[in-house]
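Chemist: Numbering (this note's numbering), first residue to last: 2 to 116.
Sharing a structure, written as structure tokens. Questions coming.
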């Protein structure tokens, strides 16, 4: 099992920045892909971006150029968010798995962007 714990969410003004962290523990050798998802009120969960099993990153069109995903050797991942918009308000989740299948999820962290 892999445990994922997100942190770093909060309230920020439009145009501001936040960095979310996802700490992974447990059998992290079993995962080769990690990603960030978000779910806004009344909407479906959507992919924000992530690392593929090949090590490449991909991003949703809505966040390209504003969000950056990074990771360290311990398989912790980070979501650097800048130029935040009110429509970025959501609960952000860290996910991990193999290939394009995400089996493990964190509990989520709330990001609220005020206008």
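We put the CB at the ideal spot given by N, CA and C, even for glycine.
Quick caveat: nothing in here was measured; it's all calculated off a predicted structure.
Give me the Cα-Cα distance between residue 67 and residue 39, rounded to the nearest whole angstrom.
Modeler: Your numbering for residue 67 matches position 66 in the chain shown. Your numbering for residue 39 matches position 38 in the chain shown. Approximately 15 Å between the Cα atoms of the pair.
Chemist: Compute every distance between the C-beta of residue 56 and the non-hydrogen atoms of the ligand HEM, then say whether any falls below 6 Å.
Modeler: Ligands in the displayed structure: none, and consequently the ligand HEM is not present.
Chemist: Spell out the partners DSSP gives residue 52 in its beta bridges.
Modeler: The residue labelled residue 52 in the question sits at position 51 within the chain shown. According to DSSP, residue 52 bridges with 35 and 58.
Chemist: Express the C-alpha separation of residue 84 and residue 15 in angstroms, rounding to a whole number.
Modeler: On the chain shown, position 14 is the one that residue 15 refers to. On the chain shown, position 83 is the one that residue 84 refers to. Their Cα atoms are separated by approximately 7 Å.
Chemist: Using alpha carbons as the reference points, say which of 82, 99 and 106 lies closest to residue 17.
Modeler: Numbered from its first residue, the chain shown carries residue 17 at position 16. With distances taken between Cα atoms, residue 17 lies closest to 82.
Chemist: When you compare the segment 88-97 with the segment 32-49, are there three or more beta-carbon pairs, one atom per stretch, that lie closer than 8 Å?
Modeler: Enough Cβ pairs lie closer than 8 Å, so yes.
Chemist: Rounded to whole angstroms, what is the Cα-Cα separation between residue 79 and residue 22?
Modeler: Within the chain shown, numbered from 1, the residue matching residue 79 stands at position 78. Within the chain shown, numbered from 1, the residue matching residue 22 stands at position 21. The straight-line gap from Cα to Cα measures roughly 5 Å.
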